[in-house]
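Number of protein chains: 2
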Amino acid sequence: MKSKTYHHGDLKNALIKAGVEILAKEGIGKLSLRKVALKAGVSHTAPYSHFSDKQSLIAAISTEGFQKLSKSLDSVIKSHADNPKKQLIESAQAYVKFAFANKDIFKIMFSSALEKEKEYPAFVEVSQKTFHQVVEIVEACQEAGIIKSGEADVLAVIIWGQVHGIIALAIEGQISHTVLEKKSLAEIVTQAIEQAIKK
Amino acid sequence: MKSKTYHHGDLKNALIKAGVEILAKEGIGKLSLRKVALKAGVSHTAPYSHFSDKQSLIAAISTEGFQKLSKSLDSVIKSHADNPKKQLIESAQAYVKFAFANKDIFKIMFSSALEKEKEYPAFVEVSQKTFHQVVEIVEACQEAGIIKSGEADVLAVIIWGQVHGIIALAIEGQISHTVLEKKSLAEIVTQAIEQAIKK
DNA sequence: ATTGTAATCTTGACAGTGTCAAGATTTTAA
DNA sequence: TTAAAATCTTGACACTGTCAAGATTACAAT
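Chains as they are written, first to last, in numbering that gives the first Met the number 0: chain A, 0 to 198; chain B, 0 to 198.
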């Protein structure tokens, strides 16, 4: 829905896009407002018309990351509407895939580059929505008798946390080679969920 | 073992200490080599006699964090030498405690502030040692019949990942209030382990 | 269509940052 | 005692986030 008007046209999105590119090519340490502006072909302070500060740009990039993740979860949920167990396992796989396809976005989403996330309503909303999708899957699993009954959101934290933790450790290089030689990350995550499910 | 000699005496440790303090008081975003130097009462380039660059200081702080964590795991392991289940649960509690008592050190340890961890042997060594402690607990649990047999390191990744993930999400503010009103983080972590254990 | 206002973007400046080069000081070892 | 090595300082540079002032453009009300 780019509004191709005004001076640049759609600078806000162009800046986000430039930021994502820098993130992918040069990593989180090289992301700067000035470089983003340069890449978008505007002056070094032009971003301030759209983002109050660097944090705000980071929030926008993180938010986009969550939207992408959330959409991917959505399609997994829909394509296994009748099979909650598959929803759970495939969601986890989608999560793994997302994290490794967008390593630096994943890092920015979860690695406290964003200091006061509460100040960014769009970010809060989509991250909560994402978590809620997991809760719904857990509830579906409970109804199907695959997961024990109980507070679904607490159980979702446990399962989601498990998947998240394994991925986070892997991305930080904290999982040793010898482990990853035995099993791929996808397998480890699946095994983790299988174990969590069977009572 | 401070070697109270040379100009400053023990600048290297003083810089690390200053860094930790800034981290605790002002957060990760405010940590700078110059501020650390100022705090230690030396010129702005003095740190370069002890750290090749900022990353290197961050590595040293992270390493110290892991040492602290590792020691705390050690004492848990020793004080429940005859009870592997307790070792596991109490280790997790120690991990929670460490993370929340040293939020910004925890972040720096795991939040990719350190870009090429492999280049810092001391860091690699102590982080591997820490993981190995968890593996040993898992093995003890297996021998006690509390955890199913199988590759202990893979199982350790799963359990450690679970604990780590829940904490990481909590520290990032990604766990909703409604969940934390029902159960404290310590309880959630314990519940997670209990579930992971019982087959 | 004109005009005033708001949105957008630029130029210029400032302080703070990481890091290098050159040199001064001090410790240590021969 | 002296030469070398370690430690620390001064000064500089490019790069960063951000502010202030002003220029340009779009748009809404008349």
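Just so it is clear, CB atoms sit at the ideal spot from N, CA and C, and this is done for glycine as well. Because the structure is a prediction, the values reported are computed rather than measured.
For Ile60 of chain B, same chain residues with a beta-carbon under 8 Å away, outside a window of 5 residues either side, are Ile15, Gly18, Val19, Leu22, Ile104 and Ile107 in chain order. Counting along the chain, Ile170 of chain B sits inside the alpha helix (DSSP H) bounded by residues Ala151 to Ile170. For Gly172 of chain A, the closest C-alpha among the options A:Lys53, A:Lys102 and A:Ala39 is that of A:Lys102. A Cβ of chain B is located within less than 8 Å of the beta carbon of Lys117 of chain A.
Assigned with DSSP and collapsed to three states, Gln173 of chain B falls in coil, not helix or strand. Annotation for Val123 of chain A: Glu116 and Lys117 place their beta carbon closer than 8 Å to its own, counting only its chain and skipping 5 residues before and after. Phe50 of chain A: not part of any alpha helix (DSSP H); DSSP gives it neither H nor E. Across the stretch 22-44 of chain B, CB contacts with chain A closer than 9 Å involve Gly26, Ile27 and Gly28, in sequence order along the chain. For Glu118 of chain B, no alpha helix (DSSP H) run applies, since DSSP gives it neither H nor E. The beta carbon of Leu168 of chain A sits closer than 8 Å to some beta carbon of chain B. Taking the Cα of Ile192 of chain B as reference, the smallest distance to any Cα among B:Ile146, B:Ala151 and B:Ala167 is reached at B:Ile146. The stretch 176-189 of chain A makes contact with the stretch 89-99 of chain A; the number of CB pairs closer than 8 Å reaches 3 or more. When C-alpha distances from Ser74 of chain A are compared across A:Val41, A:Ala143, A:Thr129 and A:Ile27, the shortest belongs to A:Thr129. Look at Val178 of chain A here: in three-state DSSP terms it is helix.
At a beta-carbon threshold of 7 Å, the residues of chain B lying near Gln127 of chain A are Ser175, ordered along the chain. Rounded to whole angstroms, the gap between the alpha carbons of Glu150 of chain B and Ile170 of chain A is 21 Å.
Contact annotation: the stretch 151-163 of chain B does not touch the stretch 176-185 of chain B, with fewer than three C-beta pairs closer than 8 Å.
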